[in-house]
Amino acid sequence: KQEVTQIPAALSVPEGENLVLNCSFTDSAIYNLQWFRQDPGKGLTSLLLIQSSQREQTSGRLNASLDKSSGRSTLYIAASQPGDSATYLCAVRPGTGRRALTFGSGTRLQVQP
Amino acid sequence: ETGVTQTPRHLVMGMTNKKSLKCEQHLGHNAMYWYKQSAKKPLELMFVYNFKEQTENNSVPSRFSPECPNSSHLFLHLHTLQPEDSALYLCASSQVGQGRPQETQYFGPGTRLLVL
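Protein chains in written order, with this note's numbering: chain A, 35 to 147; chain B, 12 to 127.
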């Protein structure tokens, strides 16, 4: 059974810092990996999706990398802003044809102004 | 409205009540999902519907009954729930098919359910 772990569980940084969020998964047979953002009381917003054949994806100040063989992904946020404060979730889709995503517990990020 | 909408946004019900959660997607997608987000557990899939057919059921108790009358609407019928069923219920949709390897799932805002 796939398990997804996110470290740290919570993070507080001053504005302007670059930061890295970590995600690890136990079964490397994945189809893709997604990073989501969830604001309090709201649904999820997809940030980046990395196919199993890809190494990284970039969108603005966000960069996500994937090392499938070691079961790891990182989300790099450059020049953090208070508006980046949210919970960041990592999810993997299995390579079996199923569409069910397995989620980590998330990293709760607070960027101090 | 655009994207994925869910109603109601908040719901309080007793253990003997029957209620339904509604999800509607305005993205022209052909797959829809129900997820449950509890306070102390990671977000977990409940059901997947592909072209109105249920394709995945993650061992969900029968007190949760999904319904997908068409590719734009998804319901979750609730009856005789337990207090431990209190959670945020999220709906999502995606476009599946050949030539669409990414299949990003788009989520609604969720229904916050409290079972007393």
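Where is the CB? At the ideal position from N, CA and C, for every residue including glycine.
Sub-8 angstroms separation of residue i and residue j beta-carbons
i: A/Leu45; j: A/Leu143; result: yes
i: A/Gln146; j: A/Val54; result: no
i: A/Ala98; j: A/Ile84; result: yes
i: B/His40; j: B/Gln106; result: yes
i: B/Lys47; j: B/Tyr100; result: yes
i: A/Gly138; j: A/Cys124; result: yes
For residue i, three-class secondary structure by DSSP
i: B/Glu95; result: helix
i: A/Lys102; result: helix
i: A/Pro128; result: strand
i: A/Pro116; result: helix
i: B/Ala50; result: coil
i: B/Phe62; result: coil
i: B/His37; result: coil
i: B/Arg123; result: strand
Chain B contact for residue i (CB, 8 angstroms cutoff)
i: A/Leu78; result: yes
i: A/Gly138; result: yes
Through-space distance from residue j to residue i, alpha-carbon basis
i: B/Pro6; j: A/Gln115; result: For residue 6 of chain B there is no data in the structure shown, the boundaries of chain B being 12 and 127.
i: A/Val126; j: A/Gly77; result: 18 angstroms
i: B/Ser65; j: A/Gly131; result: Here the sequence assigns Gln to residue 65 of chain B, which means Ser is not the residue at that position. Near 15 angstroms, if we compare the C-alpha coordinates of A/Gly131 and B/Gln65.
i: B/Tyr60; j: A/Glu90; result: 30 angstroms
i: B/Leu87; j: A/Glu37; result: 26 angstroms
i: A/Tyr122; j: B/Ser73; result: 31 angstroms
i: A/Phe70; j: A/Ser107; result: 13 angstroms
i: A/Leu96; j: A/Ala43; result: 19 angstroms
i: B/Thr121; j: A/Gly50; result: It should be pointed out that residue 121 of chain B corresponds to Gly in this sequence rather than to Thr. Looking at the two C-alpha atoms, the distance is approximately 32 angstroms.
i: B/Met43; j: A/Ser58; result: 26 angstroms
Short CB-CB distance (under 8 angstroms) between residue i and chain D
i: B/Leu127; result: As a matter of chain content, chain D is missing from the structure shown, whose protein chains are A and B.
C-beta neighbour in chain A for residue i, strict 8 angstroms
i: B/Leu38; result: no
i: B/Thr115; result: yes
i: B/Val107; result: yes
Residues of its chain near residue i, where Cβ-Cβ distance is below 7 angstroms and the 5 sequence neighbours each way are ignored
i: A/Gln88; result: Leu100
i: A/Tyr65; result: Ser86, Arg127, Pro128, Gly129
i: B/Met57; result: Trp45, Tyr46, Lys47, Asn69, Val71, Phe75
i: A/Ser119; result: Leu143, Gln144, Val145
Beta-carbon contacts of residue i that lie in its chain and below 8 angstroms, excluding the five residues immediately before and after
i: B/Asn81; result: Lys63
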